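Single-structure report; data block below.
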Amino acid sequence: QAIPYVINRNDASDQYGNAERNATERRVFAVGRYDVKAWGGSGVTETLTPTAPRSESRAMTIGQRTDRATNKAWLGQLSHHAAGWDYIAGEWEFSSAEVTMMLVSAYLIKVSTIANVAMPIAEFGGAVASSGSLTVDETLPETPVSLVSETGYVNFSAPDLRVIWYPWSGTENKTMDGLVSASYTRSTYSASASSTEIQAGVTLDYVMSNQKLFDARSEYLSVKAQTIQLASHSSTYNRVYLNADATTLIWGVDVEPTRGRTTYVTVGGSIPGGGPAARNHEIQTLSGSVALGDIVIVEIIASRAKSSGEKVTVVPNTSFFESYLADPDGHIGSTYGMGSSSKLTLDYYYSGSGIVPIHDYYKQNPSPPPQQTPEVLAEIAAAYDAEAELFVGQKLYDNENSDGYESRLLGYYYGSVESDITLDTSSMSWSSKDFILYDDTNGVYISIEGEFVGVDTSATLTVILKVQTRHHTTTKTLGEYNYTYSQLVQEREIGSSGKYAMPSPQIRAIFAPLYQEQGSFKGAHYVTEEEENNGASPAHLFNFVLHLEPYSSIGTINDDNAMNATVHFVPCNLLEMLYAFVFSQEYGVAEDGQRYPVTFTTRYNDMMSTLFTNAVRVSVRDGVQGNWSDSLGSDFAAISTVSLHRT
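Per the working numbering, the very first residue in the sequence shown carries number 38; after that it's consecutive.
Spelled out as structure tokens, the structure:
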């Protein structure tokens, strides 16, 4: 599986040397997964060390990578303890070799490094005491904020006149923005950690932060100043005129679905009985990530908010509009304030010169009298009726804002302090990315990506395969799973404090792409970016069968890929997430120190018998999924593992 590497000269006229120089300058090197060979001098080979993990079948090599700007190659391997991959006292090790290739002695120079895989756990320090005041937004239940008339009716009808009334028929109820104002005494526990590791020449940055607040608060609840949207009409008409020319009756207005107030505005205010309430709060936030540049390969975000003790509860004040509803027509016709939008008159246009266009212009009788025929007068009456029917369908909104008021004497709610209310909400998301192919030079990537999202007691897990090139991104769902928990995020005691919190998880930073170029990848064939820049047409062809493997396959994965056509791949970062929150809730390491515990055996067995058993064909051509290689002939169509190679 070695790939050839050629050092050429910058002089295009003598790019690959000449017979004289080539007798001593061996320009071709072989870059394998665990060694680099040079033919300069009597021949030199540099090997990735340590070699014992490979000979003892407890290591997995990653795809080799070369850099033409520096004539360097990078090799790497992930290995586990001799006692087993999940040995309680063991841990993963990432070994790298940076090999510089030269045309002169010593031809190869190797620099070996060891990188950490297990990132430092962010441990809580001691409690920090503080006090102060704060405000927290709270959504209040629906309460009446406006009168409505669901529909109008024609109260009076006469030739060239219709009068429509909109009697109040009910209320529009909306939630309101509330504000909890509190003084508090607080204990804060904080934890943070960070690390930078270099694995096979790639820099991985890890950060983790974790904070838990314990508050004792005295709380008051009030209504915030706010504007509540009711409708979106642009105009409310109280009188509309029918105009005309010789052939057309013209109303000249658009009839919108609603009328009256479009908003309800309040300056807010206190709530009778809205406090004080003595309440305890526990609030925790946790976030962490591992990234190479702007590519995040591991990310976890979690939170939990618990509160207990006294709490202000409210019920809506429904009495404010009762007197209005008791007399639905009482304010109709008001020239100002509430009721001023409850009446609409359909009239005729009258010009200053005494002309009434609907009668003096529209469809005049060529042989008067009469000036207009009965049929034309019927058309005019029908126009009034049709327009009235449209306006009758409008919904009216009206409230005390029409009278210039933006507050209520008795408020919007009645409050009371309940003695014992417990609330508990939690959420967690954990995403992972593992590269089958990571060709950063050409912007071509194939990855396995996991997304775990949970709220309170339920969670979903989605695993996809993503093929990304400079021109297209294609995804294929490999598995979708739903899980139920008694409590999504479990807590452990903070030292011996008697306080409990989500522990910081054990994050492992693993960059282990199976391939980093297309030459040794049995499933990829594409035009490089350099070739495109020189005029070649873009083409990105992928065709292979994928088999995901668990950690127990680390020692055999190299041979599996070397000896058969299927691509075998261990998605390390996905497995880390699965063991931490799907197969268990142990945050990556149990309290007794056990690595990779399994407490949900049914989930584990289900995952191993589906996602890590079923082979998947990956066939993508220029961003389009489909078995495109079948068209190349019966051999390709009959055997899904037939693949293309480009060196």
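Using N, Cα and C, we set each Cβ at its ideal position, and we do this for glycine too.
Computed from a prediction, not measured in an experiment: that's the story for all the values here.
So the candidates are Asp214, Val239 and Tyr434; which of them puts its Cα closest to the Cα of glycine 376? One-based indexing of the sequence shown puts residue 376 at position 339. Looking at the Cα atoms, Tyr434 is the closest of the given residues.
How would you label alanine 134, buried or exposed, when you count the other beta carbons within 10 angstroms and need 16 or more for buried? As a first step, residue 134 must be located in the sequence shown, where it is residue number 97. Burial call: buried.
At what residues does the alpha helix (DSSP H) containing isoleucine 395 begin and finish? Numbered from 1 along the sequence shown, position 358 holds the residue referred to as residue 395. 394 to 397 is the extent of the alpha helix (DSSP H) around isoleucine 395.
Sufficient close CB pairs (3 or more, under 8 angstroms) joining the segment 97 to 115 to the segment 227 to 239: yes
Boundaries of the beta strand (DSSP E) in which threonine 511 is found, first to last residue: To locate residue 511, count along the sequence shown from 1; it is residue 474. Unbroken beta strand (DSSP E) run through threonine 511: 510 to 521.
Can you give the Cα-Cα distance for proline 196 and aspartate 384, rounded to whole angstroms? Taking the sequence shown and counting its residues from 1, one reaches residue 196 at position 159. Taking the sequence shown and counting its residues from 1, one reaches residue 384 at position 347. Cα-Cα distance, rounded: 9 angstroms.
Which partner residues of glycine 452 appear in the DSSP bridge assignment? Sequence index remark: in the sequence shown, residue 452 carries index 415 (1-based). Val351.
Starting from glutamate 179, trace the beta strand (DSSP E) both ways and give me its first and last residue. As a first step, residue 179 is located in the sequence shown; it is residue number 142 there, counting from the start. Note, glutamate 179: beta strand (DSSP E), 165 to 186.
Identify the continuous beta strand (DSSP E) that holds methionine 245 and give its terminal residues. Along the sequence shown, one-based indexing puts residue 245 at 208. It spans 239 to 260 - the beta strand (DSSP E) in which methionine 245 sits, taken as one unbroken run.
Would you say the segment 479 to 488 touches the segment 389 to 399, given that touching needs at least three Cβ pairs under 8 angstroms? no
Just reading off the beta strand (DSSP E) that isoleucine 332 is part of, what are its end residues? Residue 332 sits at position 295 when you count from the first residue of the sequence shown. First-last of the beta strand (DSSP E) with isoleucine 332: 332 to 346.
Three or more C-beta pairs closer than 8 angstroms, one from the segment 448 to 455 and one from the segment 306 to 317: is that the case here? yes
Express the C-alpha separation of glutamine 266 and valine 604 in angstroms, rounding to a whole number. Indexing the sequence shown from 1 puts residue 604 at position 567. Indexing the sequence shown from 1 puts residue 266 at position 229. Going by the C-alpha atoms only, they are around 57 angstroms apart.
Exposed or buried, which one is alanine 415 when buried takes at least 16 other CB atoms within 10 Å? Stepping through the sequence shown from its first residue, residue 415 is reached at position 378. The residue in question, alanine 415, is exposed, as its Cβ has fewer than 16 Cβ neighbours within 10 Å.
From threonine 303 to asparagine 438, what does the alpha carbon distance come to, in whole angstroms? The residue given as residue 303 occupies position 266 in the sequence shown. The residue given as residue 438 occupies position 401 in the sequence shown. Taking C-alpha positions only, threonine 303 is separated from asparagine 438 by approximately 8 angstroms.
Out of curiosity, what's the CA-to-CA distance linking valine 655 and glutamate 175? Here residue 655 corresponds to residue number 618 of the sequence shown, with the count starting at 1. Here residue 175 corresponds to residue number 138 of the sequence shown, with the count starting at 1. Approximately 49 angstroms between the Cα atoms of the pair.
So, are the CB atoms of proline 575 and histidine 509 less than 7 angstroms apart? Against the sequence shown, residue 575 aligns to sequence position 538. Against the sequence shown, residue 509 aligns to sequence position 472. The answer is no: Cβ separation not under 7 angstroms.
Does DSSP put leucine 362 in a helix, in a strand, or in coil? Here residue 362 refers to the residue found at position 325 of the sequence shown. The answer is helix: DSSP assigns leucine 362 an H, G or I state.
What are the boundary residues of the beta strand (DSSP E) that includes proline 41? Position 4 of the sequence shown, counted from the start, is the residue given in the question as residue 41. Following the DSSP letters along the chain, one finds proline 41 inside the beta strand (DSSP E) bounded by residues 40 to 43.
Give a yes or no on whether the C-beta atoms belonging to alanine 159 and serine 224 are separated by under 7 angstroms. Sequence index remark: in the sequence shown, residue 159 carries index 122 (1-based). Sequence index remark: in the sequence shown, residue 224 carries index 187 (1-based). In this structure, serine 224 does not lie closer than 7 angstroms to alanine 159 by Cβ.
Do the segment 203 to 211 and the segment 393 to 409 touch if we need at least three Cβ pairs shorter than 8 angstroms? Counting C-beta pairs closer than 8 angstroms gives fewer than three between the segment 203 to 211 and the segment 393 to 409, which falls short of the contact rule.
Close Cβ partners of histidine 270 (< 8 angstroms) along its chain, the five nearest in sequence each way excluded: Translated into the one-based positions of the sequence shown, residue 270 becomes position 233. Residues Glu293, Pro294, Thr295, Arg296 and Thr299 of the same chain have their beta carbon placed closer than 8 angstroms to that of histidine 270, with the five preceding and five following residues left out of the count.
What did DSSP end up calling serine 574 once you bin it into helix, strand or coil? Sequence index remark: in the sequence shown, residue 574 carries index 537 (1-based). Serine 574: coil per DSSP, three-state reduction.
Spatial neighbours of proline 550 in its chain, beta-carbon cut-off 6 angstroms, leaving aside the 5 residues before and after: By 1-based counting over the sequence shown, the position of residue 550 is 513. Taken in chain order, the residues that qualify are Ile99, Gly100, Phe472 and Tyr475.
How is the alpha helix (DSSP H) around threonine 638 delimited, first residue to last? Taking the first residue of the sequence shown as position 1, residue 638 is located at position 601. Its alpha helix (DSSP H) spans residues 638 to 646.
Do the segment 240 to 255 and the segment 185 to 200 meet, that is, are 3 or more Cβ pairs less than 8 angstroms apart? no
State the Cα-Cα distance for the pair aspartate 629 and isoleucine 531, rounded to the nearest angstrom. Translated into positions along the sequence shown, residue 629 becomes position 592. Translated into positions along the sequence shown, residue 531 becomes position 494. If I take the Cα positions, the gap works out to 15 angstroms.
Do threonine 685 and valine 65 have their CB atoms nearer than 7 angstroms? Summary: the structure shown does not reach residue 685, with the chain confined to residues 38 through 684, and so no result is reported for it.
Cutting at 7 angstroms between CB atoms, please list the residues of its own chain near leucine 171, excluding the five before and the five after it. Along the sequence shown, one-based indexing puts residue 171 at 134. Here the set comprises Ala219 and Tyr221.
Residues near phenylalanine 649 by beta carbon distance below 6 angstroms, same chain, minus five either side: As a working mapping, residue 649 is identified with position 612 in the sequence shown. These residues qualify, in order along the chain: Leu585 and Pro587.
Sort Glu256, Ala268, Gly374 and Leu611 by Cα distance to glutamine 431 and report the nearest one. Here residue 431 corresponds to residue number 394 of the sequence shown, with the count starting at 1. Selected option, being the one with the closest Cα: Ala268.
Can you tell me whether tyrosine 226 is buried or exposed? The criterion is at least 16 other CB atoms within 10 Å of its CB, across all chains shown. On the sequence shown, residue 226 is found 189 positions in, with the first residue counted as 1. That one is buried.
Taking the alpha-carbon of leucine 427 as reference, which of Ser495, Val277, Val352 and Gly374 has the nearest alpha-carbon? Residue mapping note: residue 427 aligns to position 390 of the sequence shown, counting from 1. Here the closest residue by C-alpha is Val277.
With distances taken between CB atoms, is the gap from threonine 636 to serine 621 smaller than 7 angstroms? Numbered from its first residue, the sequence shown carries residue 636 at position 599. Numbered from its first residue, the sequence shown carries residue 621 at position 584. Result yes, Cβ atoms of threonine 636 and serine 621 sit closer than 7 angstroms.
Quick check: the segment 143 to 153 against the segment 256 to 265, are at least 3 beta-carbon pairs closer than 8 angstroms? no
Excluding five sequence neighbours on each side, which residues of the same chain lie with their C-beta closer than 8 angstroms to the C-beta of valine 200? Walking along the sequence shown from the start, residue 200 turns up at place 163. Excluding residues within five positions, the ones whose Cβ falls inside 8 angstroms are Val191, Asn192, Phe193, Ser194, Lys380, Leu381, Thr382 and Leu383.
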